[in-house]
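Only one structure is covered here, and it is reproduced in the block below.
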Amino acid sequence: MSATIENAPKIHGGGPSIESPRSKRSPRSTKTNFELYGWLFMRLSGILLVVLVLGHLLIQLVLDGGVSRIGFAFVAGRWSSPFWQSWDLIMLWLAELHGVNGLRTIINDYAERDQTRFWLKALLYTSALIVLFLGTLVIFTFDPNIGS
Amino acid sequence: MPAGTLYRGREGMWSWVAHRVTGVLIFFFLFAHVLDTALVRVSPEAYDQTIDIYKNPFVNLLEYGLVAAILFHALNGLRIIAVDFWEKGPRYQKHMLWTVLAVWLILMAASLPRILEHTIKTIFGS
Numbered sequence: 001m002s003a004t005i006e007n008a009p010k011i012h013g014g015g016p017s018i019e020s021p022r023s024k025r026s027p028r029s030t031k032t033n034f035e036l037y038g039w040l041f042m043r044l045s046g047i048l049l050v051v052l053v054l055g056h057l058l059i060q061l062v063l064d065g066g067v068s069r070i071g072f073a074f075v076a077g078r079w080s081s082p083f084w085q086s087w088d089l090i091m092l093w094l095a096e097l098h099g100v101n102g103l104r105t106i107i108n109d110y111a112e113r114d115q116t117r118f119w120l121k122a123l124l125y126t127s128a129l130i131v132l133f134l135g136t137l138v139i140f141t142f143d144p145n146i147g148s
Numbered sequence: 149m150p151a152g153t154l155y156r157g158r159e160g161m162w163s164w165v166a167h168r169v170t171g172v173l174i175f176f177f178l179f180a181h182v183l184d185t186a187l188v189r190v191s192p193e194a195y196d197q198t199i200d201i202y203k204n205p206f207v208n209l210l211e212y213g214l215v216a217a218i219l220f221h222a223l224n225g226l227r228i229i230a231v232d233f234w235e236k237g238p239r240y241q242k243h244m245l246w247t248v249l250a251v252w253l254i255l256m257a258a259s260l261p262r263i264l265e266h267t268i269k270t271i272f273g274s
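Respectively, the protein sequence lines represent chains A and B.
Mapping the first sequence onto my numbering, position 20 (from 1) lands on 20, and the numbers just tick up by one.
With the second sequence counted from 1, adding 148 to any position gets you my numbering.
Structure below.
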């Protein structure tokens, strides 16, 4: 007698296979934790942005005359202090990266065709590079005597 | 569409929608705002002329709308963090949304005369 189990289904090779339950997870899903870090970044940057952006709005729009006193002289006064330069630089980078990651999520949710997703993200990342480069350049190279 | 299959979330879904909409609005404003600020590298005159747009009564009203969007996004963002990290967060998500809206309303009312002060003075005289 051969050691076969009675009535067991006979398997003939060929068709699609189902992975055995204890096989390693497919490498595609474990390559990086990018989405986890993105999720965490939204929350951490969000907490900082609440302070940075609401402080910015308070100074620019609410306190001491609000928008009516904003002008070149006002900017020159504020950016003469490294404290406010740093405030604006950190706020710029956090806000832009927070916004880019938010819009990336929205594109992934609503743009279904690969081509559409590609071009929308290309546009998004290009705009982010412009904003970060230009904003950083302006903060670092501001010249209060440019007019004279 | 067969009856009863359309998902109609309540407070949770609408706060999620509002968070997305305000987020996109703020992102587009940030793009424009970095460009207008960059004019300080061109000349004081170019910058001041552009900033005068912000002092137009209609644009001043849009600034109040921008503050409304940012305040909601900020307060609701803190609520999202509480839902994610506080063990009782999910159970109190609706209560927290009503708290967010109450705080939003108070801050909007309190800041209205200050933010629109320039417009009020321009239209009704000093």
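Each residue gets a CB set at the ideal place from its N, CA and C atoms; glycine is no exception.
Asked                                                                                                                                                                                               : Found
Once the 5 residues before and after Leu-173(B) are set aside, which same chain residues still bring their CB inside 8 angstroms of it?                                                             : Leu-214, Ala-217
On the DSSP letters alone, give me the boundaries of the alpha helix (DSSP H) that Val-251(B) sits inside.                                                                                          : 241-263
Any idea if Met-105(B) is buried or exposed, counting beta-carbon neighbours within 10 angstroms, 16 or more meaning buried?                                                                        : The structure shown has nothing for residue 105(B), since chain B only spans 149 to 274.
If you measure from the beta carbon of Ser-68(A) to each beta carbon in chain B, is any gap under 8 angstroms?                                                                                      : yes
Out of Thr-198(B), Phe-233(B), Arg-239(B), Thr-170(B), which one is the CA nearest neighbour of His-221(B)?                                                                                         : Thr-170(B)
Does the segment 57-71 of chain A touch the segment 251-263 of chain B, meaning 3 or more C-beta pairs lie closer than 8 angstroms?                                                                 : yes
In terms of alpha-carbon separation, which member of Arg-22(A), Ala-128(A), Glu-96(A), Ile-130(A) lies closest to Val-53(A)?                                                                        : Glu-96(A)
Residue range of the alpha helix (DSSP H) that Trp-149(A) falls in?                                                                                                                                 : Residue 149(A) cannot be examined here, being either before or after the span of chain A that is shown, 1 to 148.
Give every residue of the same chain whose Cβ lies closer than 6 angstroms to the Cβ of Ala-111(A), excluding the five residues on either side of it in the sequence, and list them in chain order. : Arg-117, Leu-120
So with Cβ pairs under 8 angstroms, would you call Lys-71(A) a contact of chain B?                                                                                                                  : Note that residue 71(A) corresponds to Gly in the displayed sequence, not to Lys. Closer than 8 angstroms: yes.
How big is the Cα-Cα spacing for Gly-77(A) and Leu-129(A)?                                                                                                                                          : 28 angstroms
I need the boundaries of the alpha helix (DSSP H) containing Lys-31(A), first residue and last residue.                                                                                             : Taken as a continuous stretch (DSSP letters only), Lys-31(A) belongs to no alpha helix (DSSP H), as it is neither H nor E.
Would you say Phe-142(A) faces chain B, with C-beta separation under 8 angstroms as the test?                                                                                                       : yes
Quick one: using the 10 Å Cβ neighbour count with 16 as the cut-off for buried, is Asn-208(B) buried or exposed?                                                                                    : buried
Taking Asn-275(B) as the reference, give the member of Ser-127(A), Val-50(A), His-56(A), Gly-71(A) with the closest Cα.                                                                             : Because residue 275(B) is not part of the residues shown, which for chain B are 149 to 274, the question remains open.
Please classify Phe-133(A): does DSSP put it in a helix, a strand, or coil?                                                                                                                         : helix
Please report whether the beta-carbon of Ile-90(A) lies at a distance below 8 angstroms from any beta-carbon of chain B.                                                                            : no
Since Arg-227(B) and Ile-106(A) should fall inside the 8 angstroms C-beta cutoff, what is the C-beta to C-beta distance between them, to a whole number of angstroms?                               : Not really, about 20 angstroms apart at Cβ, beyond 8 angstroms.
Name the chain B residues whose beta carbon is nearer than 8 angstroms to that of Gly-77(A)?                                                                                                        : Neighbours of Gly-77(A) on chain B: none; closest Cβ ~12 angstroms, over 8 angstroms.
Since Leu-219(B) and Leu-187(B) are thought to touch, with beta carbons under 8 angstroms apart, how far apart are those beta carbons, to the nearest angstrom?                                     : Wrong, their Cβ atoms sit about 27 angstroms apart, outside the cutoff.
Can you check whether the C-beta of Val-172(B) is within less than 8 angstroms of a C-beta belonging to chain A?                                                                                    : yes
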